[in-house]
Amino acid sequence: MAFLAAFVVFMTLSSSLVVLCEKEHDFRFIAYQDLLPTSSRFTDGNVTSFSRLLFDVARDQVIVGARDTLYRLSFGLDIRERMPWEASISIQETCQNKGQREIDCHNYIMVLQNYGNRLYACGTYGFSPFCSWRQMENLTVLNYDKGVAKCPFNPHANITALMTDNGQIFVGSPTDFSGSDPAILRADVAQDNSRMLRTNQYNSKWLNDPQFVGSFETGEFVYFIFRETAVEYINCGKVVYSRIARVCKNDPGGSHILKDNWISFLKARLNCSLPGEYPFYFDEVQGISYSHEEGVLYATFTTPINSIHGSAICAFNMSAIHAAFSGPFKVQESVGSAWERQDSPHRDHYECKMGRGRTAQRHQLLDSSRYQLMDQAVQATTLQPLHYSHLERFTHIALDMISTKLHETVRMIYVATEEGLVKKISVLPRTKETCVVEIWQPEITSRTRIRTIQFLKETEALYIGTDKALMKISAYHCNRHVSKASCLNAMDPYCGWNEMLEMCTGPPSGDTLVRYWVQNATECPILTAPVDGSWSAWSDWHKCAQSSGGFVSEHNSNTDTCLCRSRSCDNPAPKNGGHRCSGMSIEVTNCTVHGGWTEWSPYSQCSQSCGVAVKTRRRTCSNPKPAHGGRVCVGPDRSEIYCTMLPPCPAPKQPSVDGGWGPWGAFGDCSAPCGGGFRIRRRKCDNPTPQYGGVDCPGCSIDYEICNSQPCSEVKRLSSWTPWLMELNGTTGDGGHTERRFRYLCKASVADSSTLRIALAKEETRICQPDGVCQRSGDNSDAGWGEWGAWGPCSVSCGGGQQFRTRQCDRGNGDCEGTGKMARACATQLCRGQWGCWGDWSPCSVSCGIGKRTRVRQCLSATDSSDGNACDGSGIQQEICEMPSCDIFLGWSQWSEWSECNSDGERTRTRKCLTTNPTSKECQGEERDIRPCPAPAAANTDSASIGMVGLFLILIPTLGIFCMITYFVTRARYTRQPPLGIKNIPGSPCYDTYPNQYSSLPTKDYPEPRHKPKRQSSFNSHGSSTSKNIPNGHGTLTKSNNMMGNHTPKVLSKSFDQDTATIKRNSHSLNNVRPPTRSINDEEKF
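With mature numbering (1 follows the signal peptide of the UniProt record, and there is no 0) applied, the sequence shown corresponds to residues -16 to -1, 1 to 1070, in that order.
Structural data, given as structure tokens:
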């Protein structure tokens, strides 16, 4: 067998070489060099795989997809925009780590579709498919989209894609990394809908290793053409059949059965064969092109790759396609049974008429699960293929429709071959006979892979994408034929003889009916008629040898070069007695010329009239000039000698240099921050510095500028009260005296507060009695108060609290206006909350198969804020849940309602099997379900209540005694304590950790031996004073004697000692709740 296979391959290759050599001697063959004058070619460095083309006629551009790059080109292949789109380095490394080749780990563009003025492009992206929406005008990325299932992982995979007018994309492609899960699917990418409808996964009756070729839409259907391993032939061996599949655009998909699968999917075989008692089948479709004008599908077919090569072109009209899909189905009841022909009465959903009733939907799902393959194949429009060829393999196909002198429409077919050639074939309208008009070689090397061909009517040209370049080749090559006979015998529908120009041309101004344009393309080209020879295109210039006539040795070649180009008389070659080409076949130019010196010129004058000087002479290398690689002249082109007998030169006098100012420097700091100041900048006389008696720079080197002219803000300063001073001559009649103290205030708009001078602001007077009691006069709201103390600690650490400061009343009677205590807000930042307990799990999201269930927990925030970030972490948790397999519902009706409970305490429900002959996967399980009835709750309550009576009789007296004891103990403990003004807030029902319930707070202790002092006269001769009870702001009465042993009063009393107390916090209270307070601003107080 191995020998036979090797023999087949050898014969195939040998036959291909023979056919290629025969084509090169055929006048219809046009070589690469001869195509260049009528074609355009686009390449871009190392970019390869020009495989995807999208024509945008409205904008006169073509979008090209290649490896790692997107292009916007004009129809003439002039570049308008280049947009790189490469896979990242990390993606490429990951791809190679998974065992892929480096060349396959690039981003190969596989999908190019347009929707309005937007472009949808997808690439393999290093085996990580990725898609993007872009603008058609400048390829700017609008947003990205997931590419899995819309684009294959492997760049060698066969894929087809089509986007409809409503933005839905239909794709036939492998959907996984290994390529083992092919699918025909629909995705609503324009609406960003994540739901996809696809063929049944891993079901060989739907798709069996398909190789997608193309797709097209017409009416309510979208058609896919592919080749696959024939599942109906699997019992007899392995064979590949060509298929056409059909789906409805409005297919809603299945619900429980065939969930997210097509319910309108059908496929049929495409029959392209040579008739006979035993037909010869071309089983493997390679390329398609659908003609919307004719409603005909044209496709290329080949024999298997390990067979002797042969190819054919077949055409299928839509009536034949509809007939096949309207016929009976081919069904296999079980794996081991034969395929049978069956029909179904429920076919509306296959015609895109979707039923809405439950019965209709049930029939749709069951039929779609059962029927996918049609029994009859789609037959071609002719008994035998339109065109077939031996020892060739056709790949891609493109179409054109033109008018000729004798026929209104003539179908032109362009097919590519595996040898890298393109055939231009005409179909004769009357006989449907096909004629090979021309054979093109689009690449300079043979067997270059052609990845795509498309014909654009607007330019009358064929666009060919290869691994190396993108080419645009005109359909007109009439100028190859130099005589009228040669032009008419070529039978090219594009060409005719122009009697006015005496040339073979296309129709003048597109008019095929003008009299002076002669055409008679009614048959295939006449290969036996004389063919006059015509020159091919000139080759590229290349180096050629030229002998210079000198001595040539083995070690020293004296051979020069020229540039030469040539052409051959083979476009076409003279044949059957035709005339040979006239003219030269070789052109020579740019031959090597070596340079030579001219004669020396006379010596010039001396370079100066005194001192040391020289005179020179010159020659040039222009006798002749070196050209085209010739050698330059050897030796100097300039010669010098000294001048003699010149007098010495006088000493030079240095010219004076006047000084010039350099640039101004930056301004310095302002002399005053406000109220008007000045700043200065400087410059130097150094550009240049005055030298040799030059004049110094005029002007000043310093520049002044006024700055900070805004008025100064007002500054205030207030002094402390002076000690009480006894007023001279201030004694009273009763032995008392008058004392005064002073306070000074200064405010001004100055820049520096240290320059303020304090003036008298306030004055207080008091009259002191002999017993030491003093009474002030002229009190105001702040009179009698001492200085404010420091701010105390904040009441809370977060959530908003208070801190206080106090001052003491210095009046003898303690009667001061205002308050002695001030509060302000503190710790205003929000407190972090705590999570509550997790709730119960929700029901599973699906009734069968694999789903999800969730549970939530609440954030118990310390404040009423709705801030979702008060607690750390997530409040939602998910996990996978598994329900019974969905296969157990296949074929069953819905369960009936539960029956009433019977005498045995049971209830039942039933269901029915919807098919008469269920398969092994249908109607699994029982038809009847039995469950026990739920027990009534009242019986348990009655039985429990009898047993509890005795227990209550014992517990009630005990609880009464315990409550009385608790009441008296609590009352005795809390009678002397004031109630706390803190609002209790319910806390979290469960904690992850236990907080510290104790904290130390600073407190003040007021022991009985100590009393609050009061200010007395600094000069009191009495030995004691009468005590006075004064309010101190805390609801207590104190008395003190503040006199020293020598009868001199203290000015200030000693501060109270501080201690700490321990307070237990309630675990269900929050430390940021505070009663409303009034804040007093120090500035307003002042």
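Just so it is clear, CB atoms sit at the ideal spot from N, CA and C, and this is done for glycine as well.
Is it buried or exposed, Met147, if we count other Cβ atoms within 10 angstroms and call 16 or more buried? Reading the sequence shown from its first residue, position 163 is the one you call residue 147. So Met147 counts as buried.
Pairwise C-alpha distance: His578 and Cys617: In the sequence shown, the residue the question calls residue 617 occupies position 633. In the sequence shown, the residue the question calls residue 578 occupies position 594. C-alpha separation (whole angstroms): 8 Å.
Check Asp129 in the structure and name its three-state DSSP category. Looking up residue 129 in the sequence shown gives position 145. Note: Asp129 maps to strand in three-state DSSP.
If Ser164 and Pro136 are in contact, beta carbons under 8 Å, what's the gap, nearest whole angstrom? As a working note, residue 164 is residue 180 in the sequence shown. As a working note, residue 136 is residue 152 in the sequence shown. Contact doesn't hold; Cβ gap of about 12 Å is too wide.
DSSP three-state label for His461, please. As a first step, residue 461 is located in the sequence shown; it is residue number 477 there, counting from the start. Coil, per DSSP.
Coil, strand or helix - Pro695 by DSSP: Residue mapping note: residue 695 aligns to position 711 of the sequence shown, counting from 1. If DSSP states are grouped into helix, strand and coil, Pro695 belongs with coil.
Reducing DSSP to helix, strand and coil, say where Lys468 ends up. Taking the sequence shown and counting its residues from 1, one reaches residue 468 at position 484. Note: Lys468 maps to helix in three-state DSSP.
Can you say whether Arg622 is buried or exposed, counting buried as having 16 or more other CB atoms within 10 angstroms of its CB? Stepping through the sequence shown from its first residue, residue 622 is reached at position 638. Arg622 should be labelled exposed.
Anyone know if the C-beta pair for Arg750 and Trp772 falls short of 8 Å? Taking the first residue of the sequence shown as position 1, residue 750 is located at position 766. Taking the first residue of the sequence shown as position 1, residue 772 is located at position 788. The answer is no: Cβ separation not under 8 Å.
Considering just the uninterrupted stretch of the beta strand (DSSP E) at Met710, what are its terminal residues? Working through the sequence shown from its first residue, we reach residue 710 at position 726. Where Met710 is concerned, the enclosing beta strand (DSSP E) stretches over 709 to 715.
Length of the line joining the Cα atoms of Gln878 and Thr343: The residue given as residue 878 occupies position 894 in the sequence shown. The residue given as residue 343 occupies position 359 in the sequence shown. So the two alpha carbons sit approximately 12 Å from each other.
Check the DSSP bridge columns for Met385 and list the partner residues they point to. Locating residue 385 in the sequence shown gives position 401, where the first residue counts as 1. According to DSSP, Met385 bridges with Arg395.
Below 8 Å CB to CB, which residues in the same chain sit around Phe309 once its five sequence neighbours on both sides are set aside? Position 325 of the sequence shown holds residue 309. Cβ within range, chain order: Arg230, Leu250, Ala252, Tyr334, Met358.
Comparing alpha-carbon positions, which option in Ala71, Pro21, Ile93, Gln842 lies nearest Ile47? Position 63 of the sequence shown holds residue 47. If we check each option's Cα against that of Ile47, Ile93 comes out closest.
Whether Arg663 touches Asp670 by CB criterion (8 Å): Locating residue 663 in the sequence shown gives position 679, where the first residue counts as 1. Locating residue 670 in the sequence shown gives position 686, where the first residue counts as 1. It is not a contact, given that the beta carbons lie outside the stated cut-off.
Decide if the segment 455 to 473 is in contact with the segment 426 to 446; the criterion is three or more beta carbon pairs, one per stretch, under 8 Å apart. yes
If you measure between the beta carbons of Ile381 and Val399, is that distance less than 8 Å? Taking the first residue of the sequence shown as 1, we reach residue 381 at position 397. Taking the first residue of the sequence shown as 1, we reach residue 399 at position 415. In this structure, Val399 lies closer than 8 Å to Ile381 by Cβ.
So, Ala735 versus Ala656, is the Cβ gap smaller than 8 Å? Within the sequence shown, residue 735 is the residue found at index 751, counting from 1. Within the sequence shown, residue 656 is the residue found at index 672, counting from 1. Cβ distance < 8 Å, so Ala735 and Ala656 count as in contact.
Straight-line Cα distance separating Gln97 from Gly151: Position 167 of the sequence shown holds residue 151. Position 113 of the sequence shown holds residue 97. The alpha-carbon atoms of Gly151 and Gln97 are separated by roughly 10 Å.
Report the three-state DSSP secondary structure of His526 (helix, strand or coil). Along the sequence shown, one-based indexing puts residue 526 at 542. His526 falls in the strand class under three-state DSSP.
Should Ile834 and Glu866 be called a contact, given that it needs their Cβ atoms to be closer than 8 Å? Here residue 834 refers to the residue found at position 850 when the sequence shown is read from its first residue. Here residue 866 refers to the residue found at position 882 when the sequence shown is read from its first residue. Yes, the pair counts as a contact, with Cβ atoms nearer than the cut-off.
From this set, Asp351, Arg602, Trp581, which residue's C-alpha is nearest Pro608's C-alpha? Taking the sequence shown and counting its residues from 1, the one referred to as residue 608 is at position 624. Checked all of Asp351, Arg602, Trp581; the closest Cα to Pro608 is Trp581.
So for Phe873, helix, strand or coil by DSSP? If you number the sequence shown from 1, residue 873 lands on position 889. Residue state, collapsed to three classes: helix.
What are the boundary residues of the beta strand (DSSP E) that Asp351 is part of? For the purposes of this step, residue 351 is taken as residue 367 along the sequence shown, with counting starting at 1. That residue, Asp351, is in no beta strand (DSSP E); its alpha helix (DSSP H) goes 342 to 354.
Residue range of the unbroken alpha helix (DSSP H) whose run includes Met484: Residue mapping note: residue 484 aligns to position 500 of the sequence shown, counting from 1. Counting along the chain, Met484 falls outside any alpha helix (DSSP H), and DSSP gives it neither H nor E.
Gln185 versus Val224, Trp246, Leu729, residue with shortest Cα-Cα distance: Translated into the one-based positions of the sequence shown, residue 185 becomes position 201. It is Trp246.
Apart from the five residues just before and just after Leu57, which ones in its own chain have a Cβ nearer than 7 Å to its Cβ? Taking the first residue of the sequence shown as 1, we reach residue 57 at position 73. Hits under 7 Å: Phe26, Gln45, Val46, Val48, Ile63, Arg64.
Could you name each continuous alpha helix (DSSP H) segment of 4 residues or more that falls completely within the segment 9 to 51, going from the start of the chain to the end? 16 to 19
Span of the alpha helix (DSSP H), counted from its first residue to its last, around His306: For the purposes of this step, residue 306 is taken as residue 322 along the sequence shown, with counting starting at 1. Here the alpha helix (DSSP H) through His306 covers 302 to 310.
Would you tell me roughly how many angstroms separate the C-alpha atoms of Pro631 and Gly595, rounded to the nearest one? One-based indexing of the sequence shown puts residue 631 at position 647. One-based indexing of the sequence shown puts residue 595 at position 611. Approximately 6 Å between the Cα atoms of the pair.
May I have a chain-ordered list of the beta strand (DSSP E) segments no shorter than 3 residues that lie completely inside the segment 85 to 113? 93 to 99, 102 to 107
So, does the segment 235 to 243 touch the segment 202 to 220, judging by three or more C-beta pairs under 8 Å? no
As assigned by DSSP and simplified to three states, the class of Asn245: Working through the sequence shown from its first residue, we reach residue 245 at position 261. Of the three classes helix, strand and coil, the one that applies to Asn245 here is strand, per DSSP.
Mapping DSSP to helix, strand and coil, what is Pro492? Reading the sequence shown from its first residue, position 508 is the one you call residue 492. Reduced to three states, the DSSP call for Pro492 is helix.
Determine the direct distance from the alpha carbon of Ser23 to that of Lys87, and round the result to whole angstroms. For the purposes of this step, residue 87 is taken as residue 103 along the sequence shown, with counting starting at 1. For the purposes of this step, residue 23 is taken as residue 39 along the sequence shown, with counting starting at 1. It is Ile, not Lys, that sits at residue 87 in the sequence shown. About 30 Å.
Within 10 Å of its beta-carbon, does Leu874 have 16 or more other beta-carbons around it, so buried, or fewer, so exposed? The residue you call residue 874 lines up with position 890 of the sequence shown. When all chains shown are included, Leu874 counts as buried.
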